[in-house]
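Only one structure is covered here, and it is reproduced in the block below.
Numbering (this note's numbering), first residue to last: 849 to 924.
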């Protein structure tokens, strides 16, 4: 195309914001969640993916307080 590829992708400067939700070594009583640590900054979009039965839904329930915790922390 006669131009360097870098000229099509400008540098975007951004400063990461503070964490708004963080989990540390999250574990549920049922044992489906074991040692999950996630940190989410303001403006981020986070998705959990996996096969059926892998525990991704249990992680969400644990973060929002629906599933009882056996250990770990959820920090807002």
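Even glycine gets a Cβ: it sits at the ideal position worked out from N, Cα and C. Just so we're clear, the structure is a prediction, and the values are computed from it rather than from any experiment.
Cβ pair residue i, residue j closer than 7 Å
i, j, result
"residue 877", "residue 918", "yes"
"residue 900", "residue 894", "no"
Secondary structure of residue i, DSSP reduced to three states
i, result
"residue 873", "strand"
"residue 889", "strand"
"residue 911", "helix"
"residue 894", "coil"
"residue 905", "helix"
"residue 853", "helix"
Nearest-angstrom Cα separation, counted from residue j out to residue i
i, j, result
"residue 854", "residue 868", "33 Å"
"residue 883", "residue 856", "41 Å"
Neighbourhood of residue i by C-beta distance below 6 Å, restricted to the same chain and skipping five residues each side
i, result
"residue 923", "870"
Best match in the options for proximity to residue i [C-alpha to C-alpha]
i, options, result
"residue 914", "860, 875, 883, 859", "875"
Close Cβ partners of residue i (< 7 Å) along its chain, the five nearest in sequence each way excluded
i, result
"residue 880", "903, 906"
8 Å CB neighbourhood of residue i in its chain, flanking five on each side removed
i, result
"residue 897", "904"
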